[in-house]
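Engineer: With full-length UniProt numbering applied, the sequence shown corresponds to residues 1 to 263, in that order.
Cβ coordinates follow ideal geometry from the N, Cα and C atoms, glycine included.
Can you read through this structure? Questions will come right after.
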Amino acid sequence: MFSSSKLTLSLFLYLSFFALFSPSSASRSTPSESQKVSLALYYESLCPYSANFIVNYLTNLFKSDLISIVDLKLVPWGNARLKGNNTFTCQHGPYECLLNTVEACAINIWPDLDEHFPFINCIETLVYDRKYLEWKSCFQKLDLNPKPILDCSEGGYGKELDLQYAAETNSLQPPHKYVPWVVVDGKPLYEDYENFISYICEAYQGTPIPKRCTQAFLDLAKIGKEKAKRSVCYKEGMISSLSEKVRLIIASWMKHVNLADGV
């Protein structure tokens with residue numbers, strides 16, 4: 001009887017040890033922080049294309065196992081412009097400045113991605129639906145206490161956060177040209193930002209490979225070297241530059257036509 005119990009105990013300890021240290025254990029299957037792919041989104045709250053990306057594309061990370069291999073960072077500043085005495089203006093007006101600050105405060109107060117992303121997604125969904133004046137309804141929808149966010153956004157600390165994000169955005173290399181500006185492992189995706197999942201899968205070096213990446217690799221191969229054209233909100237300087245280029249092209253074409261008519 002004793003030897004049988006001893007054998008059973010030994011077998012139990014052996015199986016427990018094997019389960020603990022086997023490659024299939026949870027500790028092996030969960031990517032370490034160093035293995036995760038960094039994904040940064042530089043955006044502004046009222047750019048419709050930023051809202052579209054957050055609501056219809058970025059949320060896909062949370063609908064699969066992809067979020068486990070991604071270190072996601074949101075930077076709500078976009079094409080805002082610094083002026084004197086630490087003041088600034090926003091591309092889509094004062095209300096965009098407000099919502100940029102609100103979202104910056106949410107990231108700071110609720111640093112866990114699972115906490116601040118649903119709130120930001122709620123606001124951007126209202127932006128997408130052109131109901132952003134109702135943004136405070138997100139507190140009730142998500143059962144959140146509004147006081148910390150309102151205190152932050154209406155006080156001086158919210159402005160400090162804005163200036164921090166301004167410095168981070170303005171130090172990008174290469175500089176951002178528009179929003180949404182999506183960066184994977186330090187490399188901007190330019191106008192191919194909607195295919196960000198394919199780039200994440202390509203950059204990921206860990207194991208196991210998420211199931212979603214199998215299709216993503218096929219998508220990336222299909223894209224090849226084609227340059228996608230997506231809708232974006234250009235920086236004001238970029239718009240002026242593009243307008244000048246168009247003007248010069250038209251002027252050159254008109255000159256060519258006039259010369260041809262004179263022959």
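1. When the distance is taken between beta carbons, is glycine 78 closer than 8 Å to valine 182?
2. Report buried or exposed for residue 271, applying the criterion of at least 16 other Cβ atoms within 10 angstroms of its Cβ.
3. For valine 102, count neighbouring C-beta atoms within 10 Å of its own C-beta (all shown protein chains included) and say buried if the count is 16 or more, exposed if not.
4. To the nearest angstrom, how far is the alpha carbon of asparagine 52 from that of proline 146?
5. Just to confirm before moving on: does the CB-CB distance between lysine 159 and tyrosine 234 stay below 8 Å?
6. Taking leucine 126 and glutamate 134 to be in contact with their CB atoms under 8 Å, please state how far apart those CB atoms are, rounded to whole angstroms.
7. Report yes if the C-beta distance between cysteine 105 and cysteine 122 is below 8 Å; otherwise report no.
8. Can you list, in chain order, the residues of its chain with a C-beta nearer than 8 Å to that of asparagine 170? Leave out the 5 residues immediately preceding and following it.
9. So glutamate 194 and tyrosine 42 are supposed to be a Cβ contact under 8 Å. How far apart are they, rounded?
10. Does the beta-carbon of asparagine 100 have 16 or more other beta-carbons within 10 angstroms, so that it is buried, or is it exposed?
11. Mind checking whether phenylalanine 117 and leucine 142 have CB atoms under 8 Å apart?
12. Are the CB atoms of tyrosine 199 and cysteine 213 nearer to each other than 8 Å?
13. Taking the runs of the beta strand (DSSP E) that are 3 residues or longer, which of them lie wholly in the stretch 150-191?
14. Hey, which unbroken runs of the alpha helix (DSSP H) at 4 residues or more fall wholly within the stretch 39-90?
15. Where does residue 264 fall in DSSP's three states?
16. Exposed or buried, which one is aspartate 188 when buried takes at least 16 other CB atoms within 10 Å?
Structural biologist: In brief:
1. no
2. This structure does not reach residue 271, given that the chain is present from 1 up to 263, and the question cannot be answered.
3. buried
4. 25 Å
5. no
6. 6 Å
7. no
8. Leu82
9. Actually they do not touch by this definition, with Cβ atoms about 15 Å apart.
10. buried
11. no
12. no
13. 181-184
14. 48-56
15. No statement about residue 264 is possible, as the shown extent of the chain runs from 1 to 263 and does not include it.
16. Note that residue 188 corresponds to proline in the displayed sequence, not to aspartate. Buried.
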